[in-house]
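**Student:** Quick one: the structure is below, and I'll ask about it shortly.
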């Protein structure tokens, strides 16, 4: 089992370096073009992988994201462009809905207070005195 360890390490290094090279940005790869690095890693797995890790790999991690970071913390599905004037129309609808909701709550509160007064006076809700 111990004699297979160098082969396993070499295959792991090959796979890691290939994936890392493929995922790296072409303009950030150092010393050779990305295609030449892939050829070197495949043809000379041990030497090519070590060379990639030491002199070919980009030095700084990738920090660029494909969308701009805004108040939605980088979730682009919440950053849909809006048409001009939509904000005014939406605000008017929201105000009208709030007024309807407030009126409904006021009516419910009046009904509840009337029921409470009727209970305190000992009359049923329909207004007839209790026996």
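In my numbering, the protein residues as written are 542 to 672.
Beta carbons are placed, not taken as given, at the ideal position from N, Cα and C, and that holds for glycine.
This structure is a prediction, so every number in the text was calculated from the model and none was measured.
Closer than 8 Å is the cut-off here; do at least three beta carbon pairs connect the stretch 582-590 with the stretch 550-558?
**Tutor:** Yes, the stretch 582-590 is in contact with the stretch 550-558.
**Student:** Could you check what DSSP says for residue 662 in three-state terms: helix, strand or coil?
**Tutor:** Residue 662: helix per DSSP, three-state reduction.
**Student:** How many angstroms separate the CA atom of residue 649 from the CA atom of residue 641?
**Tutor:** Cα to Cα, the separation comes out at about 12 Å.
**Student:** Judging by CA-CA distance, which residue of 600, 584, 549 and 581 is the nearest neighbour of residue 568?
**Tutor:** If we check each option's Cα against that of residue 568, 600 comes out closest.
**Student:** Please look up how many angstroms separate the CB atoms of residue 562 and residue 578, rounded, as I've assumed it's under 8 Å.
**Tutor:** Correct: roughly 5 Å between the Cβ atoms.
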